[in-house]
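Novice:
Number of protein chains: 2
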Amino acid sequence: MTTATSPRDLAHPARDQIRLETVLHALSDPMRLRVVRELAAADGEVACSYIELPVTKSTTTHHFRVLRESGVIRQAYRGTAKMNGLRRDDLDALFPGLLDTVLSAADAQAARQGTA
Amino acid sequence: MTTATSPRDLAHPARDQIRLETVLHALSDPMRLRVVRELAAADGEVACSYIELPVTKSTTTHHFRVLRESGVIRQAYRGTAKMNGLRRDDLDALFPGLLDTVLSAADAQAARQGTA
DNA sequence: GACGTACTACGATGGGTATCGTACGAGGCG
DNA sequence: CGCCTCGTACGATACCCATCGTAGTACGTC
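Going down the list, the sequences are from chains A and B. Take any residue in the first sequence, count from 1 to its spot, add 17: that is its number in this note's numbering. Take any residue in the second sequence, count from 1 to its spot, add 17: that is its number in this note's numbering.
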């Protein structure tokens, strides 16, 4: 939309604007990597509140925004809830295998330590 | 000199100390990603001075240290030169496919823009 | 020993960022 | 409408980090 720019309009980068460095940076934070893993496990739309992190709500909002602005997740309001989902299609098209490899690596690391 | 902890002794993390988040963070910097790509292309030991970056020597040293301390590269002195090589064996063992996938993603992104 | 090269160490600086607390807006439900 | 929940915005804070310049150390060579 050209006009209103409601606070409910969420800015997402277009597919060709997604940068590898930015994606890697987004994934390099423990909290965000955890979010991505849970989104991958859920495999669908998940509300922010569904994912519990050991930080305050403010910080959680911040991490979700970083993930969205880096192009890793897609967000949309649905009533009061905000639904989140991985941008698998875009990421797979841009960087084939990257998401799955990172997820596998995270699983492997979690299995190695008890941090599953 | 057995013990002295000479400044020529370089600290590397053991394989099981390498953390995925740290590796991703190391790779999320454009300069460092560039270094890793060049090391992968060279496929062998390369001196620091062989890789030219648009930053000062100090900054280059900093990036090489981050890469070493994250477990991405191995460094060793060889005369006055400092040789660098990817820790392919360790990375592939810990996170199968990760390095190659990231390298492919970087190539793809470079090809898309003229930044090869 | 003297010199040049390769890289480092240290301090400074400016910008990013993870975290929090509090105050606020939007939507559903009684 | 009143209220609760979900999530945001904003300011503050403390920390991390990419960058630089300068001074210094280790090594090879003459």
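Ideal Cβ placement from N, Cα and C applies to all residues, glycine included.
Name the DSSP beta bridge partners of Gly114/B, please?
Specialist: Looking at the DSSP assignment, Gly114/B forms no beta bridge with any residue, so it has no partner.
Novice: Leaving out five residues before and five after Leu44/A in sequence, what residues of the same chain have Cβ atoms less than 8 Å from its Cβ?
Specialist: Hits under 8 Å: Leu50, Val53, Val89 and Val119.
Novice: For Arg112/B and Asp106/B, what's the separation of their Cα atoms in angstroms?
Specialist: The identity of residue 112/B in the sequence shown is Phe, whereas the question assumes Arg. For Phe112/B and Asp106/B, the distance between alpha carbons rounds to 10 Å.
Novice: On a Cα-Cα basis, can you pick out the residue from Ile68/B, Thr76/B and Glu86/B that is closest to Pro170/B?
Specialist: Not covered by the structure: residue 170/B. The range shown for chain B is 18 to 133.
Novice: Drop a sphere of 10 angstroms on the beta-carbon of Ala123/B, count the other beta-carbons inside from all chains shown, and report buried for 16 or more, exposed for fewer.
Specialist: Label assigned to Ala123/B: buried.
Novice: For a quick check, are the C-beta atoms of Leu41/A and Leu27/B less than 7 Å apart?
Specialist: No, the Cβ-Cβ distance between Leu41/A and Leu27/B is not below 7 Å.
Novice: Using the Cβ count rule (16 or more neighbours within 10 Å means buried), how would you classify Arg32/A?
Specialist: Its Cβ having fewer than 16 others within 10 Å, Arg32/A is exposed.
Novice: Indicate whether Leu37/A and Gln126/B have their beta-carbon atoms separated by less than 7 Å.
Specialist: Against a cut-off of 7 Å, the Cβ pair of Gln126/B and Leu37/A comes out as a contact.
Novice: State the DSSP-derived secondary structure class of Leu120/B, mapped to helix, strand or coil.
Specialist: Helix at Leu120/B.
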